[in-house]
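Order-wise, the sequence lines are chains A and B.
According to full-length UniProt numbering, the stretch in the first sequence is residues 1 to 436, in order.
According to full-length UniProt numbering, the stretch in the second sequence is residues 1 to 436, in order.
Here a beta-carbon is modelled for each residue, glycine too, at the ideal position from N, C-alpha and C.
Source: prediction; values computed, not measured.
2 protein chains.
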Amino acid sequence: MAVTQLNPTSTKTHLHPSQLSFLSRSLPIKRHCAFAPLHRTQHAKISCSVAPNQVQVPTVVTQEPKGKPDCYGVFCLTYDLRAEEETRSWKKLINIAVSGAAGMIANHLLFKLASGEVFGPNQPIALKLLGSERSIQALEGVAMELEDSLFPLLREVSIGIDAYEVFQDAEWALLIGAKPRGPGMERADLLDINGQIYAEQGKALNAVASRNVKVIVVGNPCNTNALICLKNAPNIPAKNFHALTRLDENRAKCQLALKAGVFYDKVSNVTIWGNHSTTQVPDFLNARIDGLPVKDVVKDRKWLEEEFTEKVQKRGGVLIQKWGRSSAASTSVSIVDAIRSLITPTPEGDWFSSGVYSNGNPYGIAEGIVFSMPCRSKGDGDYELVKDVIFDDYLRKRIAKTEAELLAEKRCVAHLTGEGIAVCDLPGDTMLPGEM
Amino acid sequence: MAVTQLNPTSTKTHLHPSQLSFLSRSLPIKRHCAFAPLHRTQHAKISCSVAPNQVQVPTVVTQEPKGKPDCYGVFCLTYDLRAEEETRSWKKLINIAVSGAAGMIANHLLFKLASGEVFGPNQPIALKLLGSERSIQALEGVAMELEDSLFPLLREVSIGIDAYEVFQDAEWALLIGAKPRGPGMERADLLDINGQIYAEQGKALNAVASRNVKVIVVGNPCNTNALICLKNAPNIPAKNFHALTRLDENRAKCQLALKAGVFYDKVSNVTIWGNHSTTQVPDFLNARIDGLPVKDVVKDRKWLEEEFTEKVQKRGGVLIQKWGRSSAASTSVSIVDAIRSLITPTPEGDWFSSGVYSNGNPYGIAEGIVFSMPCRSKGDGDYELVKDVIFDDYLRKRIAKTEAELLAEKRCVAHLTGEGIAVCDLPGDTMLPGEM
């Protein structure tokens, strides 16, 4: 049991100007940017275009350096998108910020975002990649591969290490970056070290992001990181912050399908309740298989109560044994699922799980924490909590346990949420196997 | 300069039965498969479904073990797809085989294939993953992540280490697997070691794949691997074999865009001629920017003749410096581009590059080699060579050099193509930086 008291003044991780100057000093990015004026001159000579939908000559403008992260390569040319908006019925460009952008999860996610499969074939996007001083070279590599992929909808890529620059005008913030747990590090230490990052990123979002930015926190411990983030961003609706439990939901659906002998698309209404940790509750009481309650299809109550949850939770650990790495591809798919669930109407009668701010929930769960619950969306980026769910003693008891854990985590990060002095009385290690 | 004579009898790499039995002995796959009969019984109790398009109960049948690679997890249940074919207007399932399936390129590619973004939202697919004994555990990890991603169009996943099983009825074979070059290994040795693999895979395709299978060879040296493969598959049209030069084309387009100061979607008609090696010829003579010849837009002839080709070729090496790994995401995007170019009509006036069998080409290039050339497709999986291209002395001279290299590579693998005794008189190392 770890008891830690932390000094609230130690939380500042905003980068020092000397760290930022590293960027402009040693990176070849500027070299690319310097092309822009030359291009503008050349551009006047181009008078016709090759493909039917490309009849208008784009206007190339130079990048504004102030308050903007460094653009990369071909993306340093900012194009007048009006031509495409008119001839291709394109929507207005949206800004998507991704932290931990040099990591493996992001390496899958960024190419999905850029390909148009997430936001649709008429939605041009700008990717704003947040890395660390250590990963900035790798970020350039990511930007190079994005360039080489020639995605027509990807109109801007910028990279940086300062959240206050990278999050500028972000309409989505996909926060994947987190520090891994070092040897001998207690869960309380991890909560603090990552909590500091998320406090700072919350402040940055509050300062510079779109007022209606949607935030999905993936970096662990994601529920409490999301709580810290939203508490540090008082000018952004708390409802806009999500902690990713969608991979758990997907894994739960797959395990129920396997047990029932049906294809996974027959499994619906699966909720993950609570924390993205071993106290999480994959709900088989409300879940359905081919429209029937799971309990009417899978009669093995012992399997449901014991093995099912274990299978969902140990999945990441088994994967690491097999694959040698933690899941990146399927995590990235689940982030895409989470985004799509907010921008497309939820199918009639179904729902999806997301870790959301618990205030005003109809289930009697404590307020003031980020708790995974069943949600429905009209596809407008917003969601509402599902009312018609049932509980039994088993489910109530397990929900109470994950709720208690999240309340304990909250007390442990009070110094990061502006709620006084932190007191850590966390239960044992509840990190999911195979993560971090 | 390496001169090697190789024994034609040393080429057999087909796996010994004792290696195969490893699979059934030690893997937990069978455990999953054993669920199937149980499920069938349970299934009779399911009588209604939840979503509008899922009104028909699927028929679960057990997997035929004979001649089939091992199915994985939930995919061991084979479903009657007629319900989906009728209610969702789904096409008939297609089989896609991928070698090197546990590697990083495949890790990006498989999830793209499974998501439906390559073959479209009405095309259910079966993925057949070929690995090695060393990578079979990792392949299970890949299959687990595919399960957890709940892709509705992904109806079967099977894994194996015997090409004769995995390639059964394959309609596409995406051959990524290749041995990396070890320390001190000559290019001739690499040609032989990978040539043996591709000879065996050609034989396997010839024996068990669809008679019209389309084959894209990615593993290096990909042109000569593709040649070996097609020579060992006499019952499959030679025209169906491709060596991937699409990443080179994409990189060339990006570099031309950067130089001209335009977005990359304005660059068209870019051919990569010849070998996927440092003798490759990115063609700026026929390329167009906004419909105009490149030379009318980029007046810097020195840049075009010297720096342009170098920039394209050194891209992989620069990427490895930055990113620490060779390109996987953008390579996988270029494989998707190559597939899409064959299954969708080529835009009017444009073309794409692919390494194809040179017999009957209109450019005067030697016959009997796999040479990258400009192609157009009606979207039926087939292609025709583009006739209206121009040549100048510079282009002719460079094409002659890459042609000479491919003819030398061909002589070096004569023992693998049934053309006698190999004689290796390869020029210096022409491996692209950052590859293998």
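- Taking CB atoms only, A:Leu319 has a neighbour in chain B less than 8 angstroms away.
- Judged by DSSP secondary structure, A:Arg155 falls within the beta strand (DSSP E) whose first and last residues are 154 to 160.
- Neighbours of B:Gln280 in chain A, taken as residues at a C-beta separation under 8 angstroms, are lacking, since the least C-beta distance is about 15 angstroms.
- Cα atoms of A:Gly195 and A:Val312: separation of roughly 26 angstroms, rounded to the nearest angstrom.
- Taking the Cα of A:Asp265 as reference, the smallest distance to any Cα among A:Glu249, A:Asn275, A:Ile272, A:Gly274 is reached at A:Glu249.
- With its beta carbon at least 8 angstroms from every one in chain B, A:Phe284 lies outside the interface.
- Taking C-beta separations shorter than 8 angstroms and ignoring five residues to either side along the sequence, the partners of A:Ala143 in its chain run Tyr72, Gly73, Phe75, Leu129, Val157, Ile159, following chain order.
- The DSSP-derived three-state label of B:His415 is helix.
- Secondary structure remark: continuous beta strand (DSSP E) runs of at least 3 residues inside the region 234 to 274 of chain B, in chain order: 241 to 243, 271 to 273.
- Among the residues of chain B, those whose CB is under 7 angstroms from the CB of A:Cys254 are Val74, Glu147, Asp148, Leu150, following chain order.
- Of all residues in the region 119 to 136 of chain A, none is placed with a Cβ closer than 7 angstroms to any Cβ belonging to chain B.
- The contact set of B:Phe352 on chain A, defined by CB atoms closer than 8 angstroms, is empty, because the minimum CB distance reaches about 12 angstroms.
- Here the C-alpha atom of B:Leu127 lies approximately 25 angstroms from the C-alpha atom of B:Leu227.
- When rounded, the separation of the alpha-carbon atoms in A:Ser334 and B:His276 is 36 angstroms.
- In this structure, B:Glu409 sits away from B:Thr279, with a CB-CB distance that is not shorter than 8 angstroms.
- Among the residues facing chain B, A:Ser327 is included, as its CB has a counterpart in that chain under 8 angstroms away.
- A residue is called buried once 16 or more other Cβ atoms fall within 10 Å of its Cβ, and B:Asp393, having fewer, is exposed.
- The Cβ-Cβ distance between B:Thr331 and B:Ile105 falls below 8 angstroms.
- Among the bridge pairs identified by DSSP, B:Ile216 is matched with B:Leu174, B:His242.
- Within the region 366 to 421 of chain B, the alpha helix (DSSP H) runs of at least 4 residues that lie entirely inside it are, in chain order, 393 to 412, 414 to 417.
- One alpha carbon belongs to A:Phe151, the other to B:Ser268, and they sit about 14 angstroms apart.
- Proximity of A:Asp388 to chain B, defined by a Cβ-Cβ separation below 8 angstroms, is not satisfied.
- Taking 8 angstroms as the cut-off, the beta carbon of B:Glu403 is found no closer than this to the beta carbon of B:Pro427.
- In this structure, B:Gly100 sits away from B:Gly202, with a CB-CB distance that is not shorter than 8 angstroms.
- Contact between B:Ala173 and B:Val118 does not hold, since their C-beta atoms are separated by about 14 angstroms, which reaches or exceeds 8 angstroms.
- With fewer than 16 other Cβ atoms from the protein chains shown falling within 10 Å of its own Cβ, B:Gly120 counts as exposed.
- The beta-bridge partner set that DSSP reports for B:Asp70 consists of B:Ile159.
- Close CB contacts of B:Val215 within its chain, under the 7 angstroms cut and outside five residues either way in sequence, are with Ala173, Leu175, Leu205, Cys229, Asn240, Phe241, His242 (chain order).
- Against chain A, the CB of B:Met144 has a partner CB under 8 angstroms away; the residue lies at that interface.
- Taking CB atoms only, B:Phe167 has no neighbour in chain A less than 8 angstroms away.
- Linking B:Val217 to A:Thr430 through their CA atoms gives a straight-line distance of about 45 angstroms.
- Taking a Cβ-Cβ threshold of 7 angstroms, the residues of chain B close to A:Glu140 are Lys322, in chain order.
- For a Cβ distance threshold of 9 angstroms, nothing in chain B lies close to A:Ser210: the least Cβ distance comes to about 25 angstroms.
- Counting only the Cα atoms, A:Asp148 lies some 16 angstroms from B:Pro433.
- None of the residues of the region 213 to 243 of chain B has a beta carbon lying less than 8 angstroms from any beta carbon of chain A.
- At least one CB atom of chain A sits nearer than 8 angstroms to the CB of B:Gly261.
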